[in-house]
Amino acid sequence: MSGVFDAVIIGAGPAGMAAGAVMAERGARVLVLDEQAAPGGQIYRGIEAMPAARVAAMGADYAAGAALVARFRASGAEYRPGAMVWQVVPGEEGHEVWFSIAGKSRCVVGKSVLVAAGAMERPVPVPGWTLPGVMGAGAVQVLLKAGIGAERLVIAGAGPLVLLLAAQCLALGVRPLAVLDTTPAGNFAAALPLLPGAVRGRGLGYLWKGLLLQARLRFGGVRVVRVTDVVLEGAEAVRAVSFRAGGQVQRIEADIVALHEGVIPAQQMTRALGCAHKWDEGQRCFRPVLDGFGNTSVHGVLVAGDGGGIGGARAAAQAGVVAGAEMLRRAGRVDGVGRDAVAGPALRDLAAEVAVRPFLDRLFRPAGLPGDEVVVCRCEEVTAGDIRAAAAQGAQGPNQAKAFLRTGMGACQGRICGPMVSEIMAGARGVSMDEIGYYRIRAPLKPITVGELAAAGDDGDD
Amino acid sequence: MFRRFDAASVAFTFEGMPVMAAAGETVAAALLAAGVRSVRTTAVSGSARAPWCMMGVCFDCLVEIDGVANRQGCMVVVSPGMVVRRQVGAKDLG
Chain R
1 MSGVFDAVII
11 GAGPAGMAAG
21 AVMAERGARV
31 LVLDEQAAPG
41 GQIYRGIEAM
51 PAARVAAMGA
61 DYAAGAALVA
71 RFRASGAEYR
81 PGAMVWQVVP
91 GEEGHEVWFS
101 IAGKSRCVVG
111 KSVLVAAGAM
121 ERPVPVPGWT
131 LPGVMGAGAV
141 QVLLKAGIGA
151 ERLVIAGAGP
161 LVLLLAAQCL
171 ALGVRPLAVL
181 DTTPAGNFAA
191 ALPLLPGAVR
201 GRGLGYLWKG
211 LLLQARLRFG
221 GVRVVRVTDV
231 VLEGAEAVRA
241 VSFRAGGQVQ
251 RIEADIVALH
261 EGVIPAQQMT
271 RALGCAHKWD
281 EGQRCFRPVL
291 DGFGNTSVHG
301 VLVAGDGGGI
311 GGARAAAQAG
321 VVAGAEMLRR
331 AGRVDGVGRD
341 AVAGPALRDL
351 AAEVAVRPFL
361 DRLFRPAGLP
371 GDEVVVCRCE
381 EVTAGDIRAA
391 AAQGAQGPNQ
401 AKAFLRTGMG
411 ACQGRICGPM
421 VSEIMAGARG
431 VSMDEIGYYR
441 IRAPLKPITV
451 GELAAAGDDG
461 DD
Chain S
1 MFRRFDAASV
11 AFTFEGMPVM
21 AAAGETVAAA
31 LLAAGVRSVR
41 TTAVSGSARA
51 PWCMMGVCFD
61 CLVEIDGVAN
71 RQGCMVVVSP
81 GMVVRRQVGA
91 KDLG
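Protein sequences appear in the order of chains R and S. Numbering (my numbering) for the first sequence: 1 to 462. Numbering (my numbering) for the second sequence: 1 to 94.
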C-alpha cells in the first residue's frame, strides 16, 4: 500500500466505487478506503451477503447496486474495508490520508483525494427523540439490510425513504403499525410549479415509483396518516408516539419509532479540509462548493455523490465517474480531451438523474425549527432554547455557542447538532446561513486512542 | 422490538450475559436484535440511550468493547468471545 496513489478515495458507496472502478479500469493506481466491512455504502449496504429473495424484496433500485459492486471488485482498485479516516492533510505534492484499521493507524499519499463520504439523515428534533427505540428511518433500514426487522414499528416523517422503508418492511413480513406523513400542508402547492421540470430526464420514473409504493402500502393494509406535532412518549424507552391528525391528538403505542426528514451531505470531512461550503436553500443544507468535475476549493480535493448535494444513488455513481475522469487527468493518465470523453456521457446521465430533485426537495421540505424545550445537541443535552438564550446573550455563531454551552463538543463532534445549531443561531440573530456559518471541524475526525496516535507512522509493507 | 430473519451463530457477551450475533453483524445490530433497549447512559443527565443512526454519525451506540471505551457499536463487527459492556455516564477521574 506504499507509494503515491493516483487517487485515494474515501468511501465505497456508489460514488466512491464508480470513481475507483473507472480509474482502475484505465490503469490508474487507486486506493479506496471505507469504514464499513463491505462495499456498497449505506444505499447498497449488505448487498453481497443478502439472500436473493430478500434482495428482490428490497426492490429493483437496491438490487441494481450488485452490478456496481461487482464491477468495483473486478476493477483492480485497491480496497481497504474497516478503514476509518481520521485526518486528511492537503499538500503541494500530494495529500496525506491518515486512517485506522483494527486499531493501527497509517498514512498514504494521493495525487488527488476524493471525499465520497455520502449523506447522513437530517436530524429530526422532536420532543422525545433521544429515547431508546426512536431511530432514524435510515437506521431501521440499515438493520433491515442486516437481516433484522423492526416489529411494532411506526414510521413518522417525510421524503422518499418513508414510503420505501414502509414498503420494504411490508415485503419482508414486518408490517409497520402506521406511517405518519409529516409533509407540511402547503408543500404540495409550493412544489407544483416545479413539477414540469421534474418529469424530464428520469424524473417520471421516480415519481411513478413513489405512486407505486403508495399503492403497495394501501393494498398491504398499512395505515398512512397526514400528521403534525409528533411527540415521542416514554421514560426509559419509547412507548408511544402521539400526533395531531384531523384536528385531534391521537396516540399509537409502539416499540420502535423511525423518524425521517430527508438526508443531507455529511460535511465533517470537507469542513475539516477547509473546503468552501455554501448554504443550499432548496435542499436546506450546507454543501461544499464544487465545479462541474467535483473539484472543491482545495486544490486536488474532490467530492462526488451525496456528500456534494443530495441526488441519490444513481446520480452519485455518475458523479463518481465524472470525478474519476478528472482525477485521471490530474494524475496525467489522460489529457483534457480524454477526461471529457469519459465524463461526457456520465454528465448527461447525471443531469437526467437530478431533474426530479427540485420538486422533491420542495415537496418534502421540513417544517420549521424545534421548540425551546427540544434537545438539539444529543451528546451534551443542549436544548434549542439554550441556544436561543446564548444568542440573546451575545453568542455570534455556532462556534461561540460551543463555548457558551458545550453544544457540539460531545462524542459525535457536532455531526448531529451542527446543522440545527446553525439554523437556530441564524434565526435568532436574523442573519443568513452563509453568514452564520458552521462549526470549525478538526482532526481527529473520529476518536482514536493516544497509544494509536503515538504509534502512527508510515505504512508498512502489507 | 426486533426480529432476526436468519440464524445467529457468533457468541459474545454484553454485561456478562451471553448474546448471539449473525456473522458479519455489528455490535449495535446484535444488541438490538437481542432485545437490548439501551446500550449506554449519557455523561450529562445519565439518561438512557440507544443507537439512533446505525451508520457512524450519532455516537449514541457507544459501548465498551474488550476493555476499550467509546467504541461505536454500529461500526464494529462482532467477533467470537467479544466482551461488550454498557458505557455508563461520565468517567470518574478521581
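Ideal placement from N, C-alpha and C gives every residue a C-beta, glycine not left out.
Quiz item: Near S/Pro18, what residues of its chain come up, given a Cβ to Cβ distance below 7 Å and the 5 sequence neighbours on each side ignored?
Solution: Within the second sequence, the letter at position 18 stands for residue 18 of chain S. Counting only Cβ-Cβ distances below 7 Å, and skipping sequence neighbours, we find Ala11.
Quiz item: Which residues in chain R sit within 8 Å of S/Gly89, going by Cβ to Cβ distance?
Solution: On the second sequence, residue 89 of chain S is found 89 positions in, with the first residue counted as 1. Residues of chain R passing the Cβ test: none, with the nearest at roughly 12 Å.
Exercise. May I have the straight-line CA-CA distance separating R/Gly147 from R/Gly133, to the nearest angstrom?
Key: Here residue 147 of chain R refers to the residue found at position 147 when the first sequence is read from its first residue. Here residue 133 of chain R refers to the residue found at position 133 when the first sequence is read from its first residue. Roughly 18 Å between the two C-alpha positions.
Exercise. Output, in chain order, the set of chain R residues within a Cβ distance shorter than 7 Å of S/Phe59.
Key: For the purposes of this step, residue 59 of chain S is identified with residue 59 of the second sequence, where counting begins at 1. Those within 7 Å of S/Phe59 in chain R are Cys379, Ala411 and Cys412.
Exercise. Report all residues from its chain with a CB closer than 7 Å to the CB of R/Ala116; omit the five preceding and five following residues, and keep chain order.
Key: As a first step, residue 116 of chain R must be located in the first sequence, where it is residue number 116. Contacts found: Ile9, Ile10, Gly11, Gly13, Ala15, Gly16, Ala19, Ala304, Gly305, Gly307 and Gly320.
Quiz item: Rounded C-beta distance between R/His299 and R/Arg287? I'm assuming under 8 Å.
Solution: Here residue 299 of chain R corresponds to residue number 299 of the first sequence, with the count starting at 1. Here residue 287 of chain R corresponds to residue number 287 of the first sequence, with the count starting at 1. Between R/Arg287 and R/His299 the Cβ distance is about 19 Å, and since that is not below 8 Å, they are no contact.
Quiz item: Hey, how far is the Cα of R/Ala254 from the Cα of R/Gly159?
Solution: Taking the first residue of the first sequence as position 1, residue 254 of chain R is located at position 254. Taking the first residue of the first sequence as position 1, residue 159 of chain R is located at position 159. Rounded to whole angstroms, R/Ala254 to R/Gly159 spans 21 Å at the Cα level.
Quiz item: If we cut at 9 Å on Cβ distances, does R/Pro184 have a partner in chain S?
Solution: Residue numbering aside, residue 184 of chain R sits at position 184 when the first sequence is read from its first letter. Chain S contact via Cβ: absent.
Quiz item: Would DSSP call R/Lys446 helix, strand or coil?
Solution: Taking the first sequence and counting its residues from 1, one reaches residue 446 of chain R at position 446. Assignment of R/Lys446 by DSSP, reduced to helix, strand and coil, places it in the coil class.
Quiz item: Considering only the beta carbon of each residue, do R/Leu170 and R/Val241 sit closer than 9 Å?
Solution: On the first sequence, residue 170 of chain R is found 170 positions in, with the first residue counted as 1. On the first sequence, residue 241 of chain R is found 241 positions in, with the first residue counted as 1. Not closer than 9 Å, so no.
Quiz item: If contact means a Cβ-Cβ distance below 9 Å, which residues of the stretch 43-55 of chain R contact chain S?
Solution: Arg45, Gly46, Ala49, Pro51 and Arg54
Quiz item: Does DSSP put R/Gln400 in a helix, a strand or coil?
Solution: Reading the first sequence from its first residue, position 400 is the one you call residue 400 of chain R. Helix, per DSSP.
Quiz prompt | Boundaries of the beta strand (DSSP E) in which R/Ser464 is found, first to last residue | solution = Absent from the structure is residue 464 of chain R, since the part of chain R shown begins at 1 and ends at 462.
Quiz item: Does the beta carbon of R/Ala7 fall short of 8 Å from some heavy atom of the ligand SAM?
Solution: By its list of ligands, the structure shown contains no ligand whatsoever, and the ligand SAM lies outside what it can speak to.
Exercise. Output the residue ranges of the beta strand (DSSP E) runs that lie fully inside the stretch 370-423 of chain R and measure 3 residues or longer, sorted by chain position.
Key: 375-377
Quiz item: Residues in the stretch 126-143 of chain R with C-beta within 9 Å of chain S's C-beta atoms, listed in sequence order?
Solution: Trp129, Thr130, Leu131, Pro132, Gly133, Val134, Met135, Gly136, Gly138, Ala139, Val140, Gln141, Val142 and Leu143
Exercise. Answer with buried or exposed for R/Ala119, where buried requires no fewer than 16 other C-beta atoms within 10 angstroms of its C-beta.
Key: If you number the first sequence from 1, residue 119 of chain R lands on position 119. Classification of R/Ala119: buried, given that the 10 Å Cβ count is 16 or more.
Quiz item: At what residues does the alpha helix (DSSP H) containing R/Arg465 begin and finish?
Solution: Not covered by the structure: residue 465 of chain R. The range shown for chain R is 1 to 462.
Quiz item: What span of residues does the alpha helix (DSSP H) with R/Gly344 cover, start to end?
Solution: Numbered from 1 along the first sequence, position 344 holds the residue referred to as residue 344 of chain R. R/Gly344 -> alpha helix (DSSP H) spans Gly336 to Val354.
Practice problem: Give me whichever residues DSSP pairs with R/Glu464 in a beta bridge. | Solution: Residue 464 of chain R falls outside the range modelled here, since chain R spans only 1 to 462, and no answer is possible.
Quiz item: First and last residue of the alpha helix (DSSP H) that includes R/Val22?
Solution: Locating residue 22 of chain R in the first sequence gives position 22, counting from the first residue. Note, R/Val22: alpha helix (DSSP H), Pro14 to Ala24.
Practice problem: Compare the C-beta of S/Phe2 against all C-beta atoms of chain R and say whether one is closer than 9 Å. | Solution: Residue mapping note: residue 2 of chain S aligns to position 2 of the second sequence, counting from 1. Judged by the 9 Å Cβ criterion, S/Phe2 is in contact with chain R.
Exercise. Determine the extent of the alpha helix (DSSP H) in which R/Met327 is found, giving its start and end residues.
Key: If you number the first sequence from 1, residue 327 of chain R lands on position 327. R/Met327 -> alpha helix (DSSP H) spans Ala313 to Arg330.
Quiz item: Hey, which unbroken runs of the beta strand (DSSP E) at 3 residues or more fall wholly within the stretch 50-88 of chain R?
Solution: 78-80
Quiz prompt | R/Val354 versus R/Gln268: straight-line alpha-carbon distance, rounded | solution = In the first sequence, the residue the question calls residue 354 of chain R occupies position 354. In the first sequence, the residue the question calls residue 268 of chain R occupies position 268. Distance between the alpha carbons of R/Val354 and R/Gln268 is about 24 Å.
Quiz item: To which residues of the same chain is R/Met84 closer than 7 Å at the C-beta, ignoring the five residues directly before and after it?
Solution: Mapped onto the first sequence, residue 84 of chain R falls at position 84. Result list for R/Met84: Glu35, Phe99, Ser100 and Lys446, in chain order.
Quiz item: Whose C-alpha, out of R/Arg357, R/Arg440 and R/Ala66, is nearest the C-alpha of R/Thr270?
Solution: If you number the first sequence from 1, residue 270 of chain R lands on position 270. For the residues R/Arg357, R/Arg440 and R/Ala66, the minimum Cα distance to R/Thr270 belongs to R/Arg440.
Quiz prompt | Beta-ladder partner(s) of R/Cys285, from DSSP | solution = Position 285 of the first sequence, counted from the first residue, corresponds to residue 285 of chain R. Partner(s): R/Asp280.
Quiz item: R/Ile436 by DSSP, collapsed to three states: which one?
Solution: Within the first sequence, the letter at position 436 stands for residue 436 of chain R. Reduced to three states, the DSSP call for R/Ile436 is helix.
Quiz item: Where does R/Leu302 sit, in a helix, a strand or coil, going by DSSP?
Solution: Taking the first residue of the first sequence as 1, we reach residue 302 of chain R at position 302. Looking at R/Leu302 - three-state DSSP - the assignment turns out to be strand.
Quiz item: On the three-state DSSP scale, how would you describe R/Arg362?
Solution: Looking up residue 362 of chain R in the first sequence gives position 362. DSSP places R/Arg362 in helix when its eight states are reduced to three.
Exercise. State the Cα-Cα distance for the pair R/Met58 and S/Phe5, rounded to the nearest angstrom.
Key: The residue labelled residue 58 of chain R in the question sits at position 58 within the first sequence. The residue labelled residue 5 of chain S in the question sits at position 5 within the second sequence. The straight-line gap from Cα to Cα measures roughly 14 Å.
Quiz item: Is the Cβ of R/Met252 closer than 9 Å to any Cβ of chain S?
Solution: One-based indexing of the first sequence puts residue 252 of chain R at position 252. Sequence check: residue 252 of chain R is Ile here, not Met. Residue contact with chain S for R/Ile252: absent (no Cβ-Cβ distance below 9 Å to any residue of chain S).
Quiz prompt | Start and end residues, beta strand (DSSP E) containing R/Arg271 | solution = Here residue 271 of chain R is taken as the residue at index 271 of the first sequence, counted from 1. That residue, R/Arg271, is in no beta strand (DSSP E); its alpha helix (DSSP H) goes Gln268 to Ala272.
Self-check item: Contacts of S/Val77 in chain R (Cβ-Cβ under 7 Å)
Solution: Taking the second sequence and counting its residues from 1, the one referred to as residue 77 of chain S is at position 77. The contacting residues are Ala37.
Exercise. Answer yes or no: do R/Asp181 and R/Gly210 have a C-beta to C-beta separation smaller than 9 Å?
Key: To locate residue 181 of chain R, count along the first sequence from 1; it is residue 181. To locate residue 210 of chain R, count along the first sequence from 1; it is residue 210. Going by C-beta atoms, R/Asp181 is not nearer than 9 Å to R/Gly210.
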